[in-house]
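There are 2 protein chains.
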Amino acid sequence: MKYLDDIRDVRFNLLEWLDLDAVLKSEAYQEVDRDQLGMVLDEALKVAKGSVAACNETGDRVGAQWENGKVRLPDGFAGAFQDLASGGWISATMNPEFGGMGLPESVGTGISEFLMGANTALGLKLLLTRGAAHLIETFGSDELKAVYCEKMYTGEWTGTMCLTEAGAGSDLGALTTKAVKQADGTYLISGEKIFITSGDHELTPNIIHAVLARTPDAPAGPKGLSLFVVPKVRVNADGSLGAPNDVACAGIEHKLGIHGSPTCSLVFGTNDGSQGFLLGQEGQGLAHMFQMMNAARYEVGVQGLGNASAAHQAALAYAKERLQGRAPSAGKGAGQSLIIEHPDVRRMLLMQSAYVQAMRALVTYTAWCMDMAHVSTGEERDRWQGLVELFTPVSKAWCSDWGFRVTEWALQTFGGYGYTMEYPAEQYLRDCKIASIYEGTNGIQALDLVGRKFRMQDGRPVKALMGLVGATVKSLAADPVLGPSARQLGDAAKALGAVLQEIPARENAALLLGLNAVPLLDMVGHVVAGHLLLQQAALAQGKLAALLQERSVDAGNPAAVRALLAESREAAFYQNKVQTAIHFAHRGLPLVAAQAVALQAGETAPMEAMF
Amino acid sequence: MKYLDDIRDVRFNLLEWLDLDAVLKSEAYQEVDRDQLGMVLDEALKVAKGSVAACNETGDRVGAQWENGKVRLPDGFAGAFQDLASGGWISATMNPEFGGMGLPESVGTGISEFLMGANTALGLKLLLTRGAAHLIETFGSDELKAVYCEKMYTGEWTGTMCLTEAGAGSDLGALTTKAVKQADGTYLISGEKIFITSGDHELTPNIIHAVLARTPDAPAGPKGLSLFVVPKVRVNADGSLGAPNDVACAGIEHKLGIHGSPTCSLVFGTNDGSQGFLLGQEGQGLAHMFQMMNAARYEVGVQGLGNASAAHQAALAYAKERLQGRAPSAGKGAGQSLIIEHPDVRRMLLMQSAYVQAMRALVTYTAWCMDMAHVSTGEERDRWQGLVELFTPVSKAWCSDWGFRVTEWALQTFGGYGYTMEYPAEQYLRDCKIASIYEGTNGIQALDLVGRKFRMQDGRPVKALMGLVGATVKSLAADPVLGPSARQLGDAAKALGAVLQEIPARENAALLLGLNAVPLLDMVGHVVAGHLLLQQAALAQGKLAALLQERSVDAGNPAAVRALLAESREAAFYQNKVQTAIHFAHRGLPLVAAQAVALQAGETAPMEAMF
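Protein chains in written order, with the UniProt record's numbering: chain A, 1 to 611; chain B, 1 to 611.
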């Protein structure tokens, strides 16, 4: 299956739009050469389009297989993983001290988009491996760091996160896996975990599990959880592999998609016990684990983007070669037109573009905020960090829900062929669906946003956001092309602002917020996305104007402009940035006021219904 | 896989809400006994829940197989089809003269919902068989009718519709299959058709294809098409089977869903020729075929409803047994709550209910309009027929798009389990997706609505609809419970009405209508659905009040009302009808004004974009 990218827009986000210099001037990134970032993206794309994409279809058709207690990955996965490991792509953003490339998160986002888009099932291994290693780097002893971090960042071993149990999915406080401290300071772990992504495979000789478990005298609920490193195979003092650590795979799930990613049931400590090492402090397990969970949530948003962009590009390519019907723009006697000439198909395609670009802007901006927090201190750091925490659940949920929607529109663009396995759209749709569920369902993300993120730092992050949006509206109000779109953004921001102000003051505020958490997250996602897309459109408009001037084309002469657009890929790119923002403003942003209706009315029918 | 129905709401639609007496009093239905209609529904549900549902999962997992040029259906399909045939369920609404039950279409809708919901792959065979037979009944000679109709209506033989070719999907005018008239008045058919649902199988000894083909001297385009009956096996004068008719199955598609339904490539007339019989007149093929296409389009809407309702009922059952987290309504020290107690889950479930009930109201009302047209004459007939034609594309597209959305929400309700094949949600989602594509993509439906149906009969059907909606708004404006919802309907109708009035007067009206056909269809769907749900809610409100009175419960005493609702399934049912309408009015109807924004603004960004 060919992976079709949109590197041009990734470059625009990173190298034209965001102020990357504000990040790179920091001592933390003194090793990073700005001029080489474009090449880094090119190289990442090369491996994505190469061995990674090459096994995506096999990965789906054959899937991971569980036989005799062992998990076999599809053909091609081992070689592709080796390419990723040797290229350093597992840990592009991680600490160079342990073998990472040390790139900013915003650059890592572009890389992740390519890898997730090219092969989600394989891409998941990367984020889990670096996430688990980063837990060890942050919370582990020096010995643990020395043993594990570099081996994981370089892909010699892989990692997992072990949270879910059969009776404890969204409700992590109900976890029952046990951890009993031994005389030597290690712990014996026993219990069963389910839904463990890449919980077992033979890709690497060891797999390092980050496990939430409960010590014997710990309190019930989330505060009784501690975090442990539990290797599949014990590691000797010299770093060589020792005996198996009593971690067994009891089976894998049969799923709608991501078939190449084995979703495992793991049983710890059935026999002689699984040795585990405490990370951080007892009782702080969930708090520590949130480092990995937040990174994973953010990356699931990137998955939504990656699936959506790949599906959209495939639909776009198909629309440019499939003949069907005669478009209104074709002459009377003309034969069949390319379907991209049909207005309804163009609408479907631009809607896909608009949401894909919105997602890309959102996740890249969020990553840039991470970078800014990383290079800042004090109050400034808190300000960036506040935005990161506000945007994390939004990126995860908004990009997974709308990413799925984009894959659906892409499939529809193919007509009947889209429903067949001959074309890639149906796999993107199936692979994408998981993103709204794992790493905390989108309902959980929404409750996090409404219950925690709106209120953190006395509400400063959300106020800061509304301030940024207001500034965009104001700055573009008089723009002849973007003014109407800016007014749409203003209307949307007003509807959201009114709800944010009024609802908490109502008598049944807690119920209204809980009941409307998902719509509220969607409203925030649209407002942020609209704001970012309009910023991008303003920049693109300027760049297009400069191109026109450079080529001595009269901007007031539509035919001349049209001719340049037809001939110059760069001009067409900027033109499309403007059009996607306009489209999103008129088709996406009105959903904000629409969703405010039920909140304003205080509609609570779901609580009155007797199911 | 268990099929969970919602027969209570089907009964409400048919036996409480719609004026079925207005249909049944006609001579055409003098054989139909109103009192037995409830039993008919019960019987249909019994077979749906029995052998039909029993092979739905196998049908998906094993799928139809193509081996050595033959198609093998999954285990269980033959027995279930036999049950459907012997029960008369293939032709519940068809002409008793040829073995049908002669029931009204509105009753047939309930039956179809059960069968499509229980097993879409199998259900499709029914609609195609009766559709093809009905073409013969309407346009065939007496000989053809005598040979084919009864055998098809009773399931001795099955039927197909053969339209699509590799280069002609949405663009039927591009069909190239040939039909050459022979001296004996028959035709020799040759060509290749693709995407033919149930084009081949061994369920019945013969398969009767309704084929669009082109005579040698016919004009290019749709006007050159004629319609033919082409049996798989030739039929002797005495009705016995003769030689094979040179129709070969060259393969089946591998698809996202409906795996039990073989989607065949058929090759006609490779060797000695496929004998075909003209239906109706040469050159009128497409016009004749529209009888079957319209019926099929409507039934695809019922498929969307059937998949959505089944998925929703499964999610509802799961939410009533899955413990997770502690709901806000539970006491401080309480253990885990059923997930149905969580407000966000209740919102997801009521949203599913609301759209399912909206779809059911829409398709059942449409079928009732068919019945009213059938029993009327002159202008009254035209009025009902106008509504049927207006609602046909809306039923097809709106119910398939929102049906898919409901299956997505249902899957989400299951959390991680929803993504696994252990639970039925993912199959419903996959099976449902085809509905937005086949029988004319939803884009084609929207162009039919906007280009043809809005303008037919000088626009009377759409004006009649807006009048009906206005009457509902007016009648409920002062209702203390439903008044706010009626105002939402009023706002939605106003937004739609303004667009319908203003856009055709614009200079670029044709472009705006083409570009916005899909959003316009969605707006119409929401307005009609909101109108019907509010009508139902008003009725339910009255029935609930009567129940309260009957049980001597003081309607002003919330605790007493609550107690009755908890105890009486009937009271709870009516309560929910009211709440779903309120929910839909506040969460669904605002999408109408939101979609009017781009139209009012005349946004044409898709035409400006350079892809």
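Glycine included, each C-beta is placed from N, C-alpha and C at the ideal position.
K193 (chain B) is bridged by DSSP to B:L266. Your pair K433 (chain A) and G301 (chain A) does not check out as a contact, with CB atoms roughly 15 Å apart and the cut at 8 Å. Linking A132 (chain A) to G403 (chain B) through their CA atoms gives a straight-line distance of about 40 Å.
The beta carbon of L533 (chain A) does not come within 8 Å of any beta carbon belonging to chain B, so the residue lies off that interface. For M293 (chain A), no beta strand (DSSP E) segment is defined; the enclosing uninterrupted segment is the alpha helix (DSSP H) at G285 to A319. In the DSSP assignment, the residues bridged to Q275 (chain A) are A:L188. Contacts with chain B at 8 Å (Cβ-Cβ) do not include H312 (chain A). Judged by DSSP secondary structure, R430 (chain A) falls within the alpha helix (DSSP H) whose first and last residues are A425 to K433. Interface annotation for the stretch 343-377 of chain A against chain B: P343, D344, V345, R346, R347, M348, L349, L350, M351, S353 and A354, criterion Cβ-Cβ distance under 9 Å. Boundaries of the beta strand (DSSP E) harbouring F228 (chain A): L225 to P231, taken from the DSSP string.
Annotation for S91 (chain B): G100, R130 and Y153 place their beta carbon closer than 6 Å to its own, counting only its chain and skipping 5 residues before and after.
DSSP, reduced to helix, strand and coil, places W157 (chain A) outside both helices and strands of the structure shown, so it counts as coil.
For Q65 (chain A), the uninterrupted beta strand (DSSP E) segment begins and ends at Q65 to E67.
With a beta-carbon spacing of about 25 Å, R383 (chain B) and A495 (chain B) fall beyond the 8 Å limit used to define contacts. Three or more pairs of CB atoms, one per stretch, sit closer than 8 Å, so the stretch 168-185 of chain B contacts the stretch 221-237 of chain B. From the beta-carbon of Y438 (chain A), the residues of chain B found nearer than 9 Å are G416 and Y419.
Taking a C-beta cut-off of 7 Å against chain A, the contacting residues of the stretch 575-586 of chain B are Q575, N576, Q579, I582, H583 and H586, listed in chain order. DSSP, reduced to helix, strand and coil, places L476 (chain B) within a helical segment of the structure shown. As the crow flies, the alpha-carbon of L241 (chain A) is around 19 Å from that of L188 (chain A). Annotated three-state conformation of K332 (chain B) is coil, per DSSP. Assigned with DSSP and collapsed to three states, C162 (chain A) falls in strand. DSSP, reduced to helix, strand and coil, places K255 (chain A) within a strand of the structure shown. In the structure shown, L175 (chain B) falls within a coil segment according to DSSP collapsed to helix, strand and coil. Secondary-structure assignment with DSSP links A168 (chain B) through a beta bridge to B:E165. With a 10 Å radius around the Cβ and a threshold of 16 neighbouring Cβ atoms, K151 (chain A) comes out buried. Cβ proximity to chain A below 9 Å picks out T164, G167, A168, G169, S170, D171, G173, A174, I194, F195, E253, H254, K255, L256, G257, I258 and T263 from the UniProt domain "Acyl-CoA oxidase/dehydrogenase middle" (161-268) of chain B.
When the five nearest sequence neighbours on each side are left out, the beta carbons in the same chain lying within less than 7 Å of the beta carbon of R11 (chain A) are those of G38 and L41, in order along the chain. A121 (chain B) and G79 (chain B) have their alpha carbons spaced roughly 14 Å apart. Rounded to whole angstroms, the separation of the alpha carbons of K49 (chain A) and G386 (chain B) is 53 Å.
Interface annotation, I434 (chain A): in contact with chain B, CB-CB separation under 8 Å. Taking 8 Å as the cut-off, the beta carbon of L266 (chain B) is found no closer than this to the beta carbon of I340 (chain B). Contact annotation: D344 (chain A) and G443 (chain B) have beta-carbon atoms nearer than 8 Å. Of A:E507, A:A505, A:M289 and A:T580, the smallest CA-CA separation from A538 (chain A) is found for A:T580. Ranking A:P461, A:L73 and A:G155 by CA distance to the CA of E202 (chain A) puts A:L73 first.
According to the DSSP assignment, G242 (chain B) belongs to the beta strand (DSSP E) that extends over L241 to P244. The Cβ atoms of A354 (chain A) and F584 (chain A) sit closer than 8 Å to each other.
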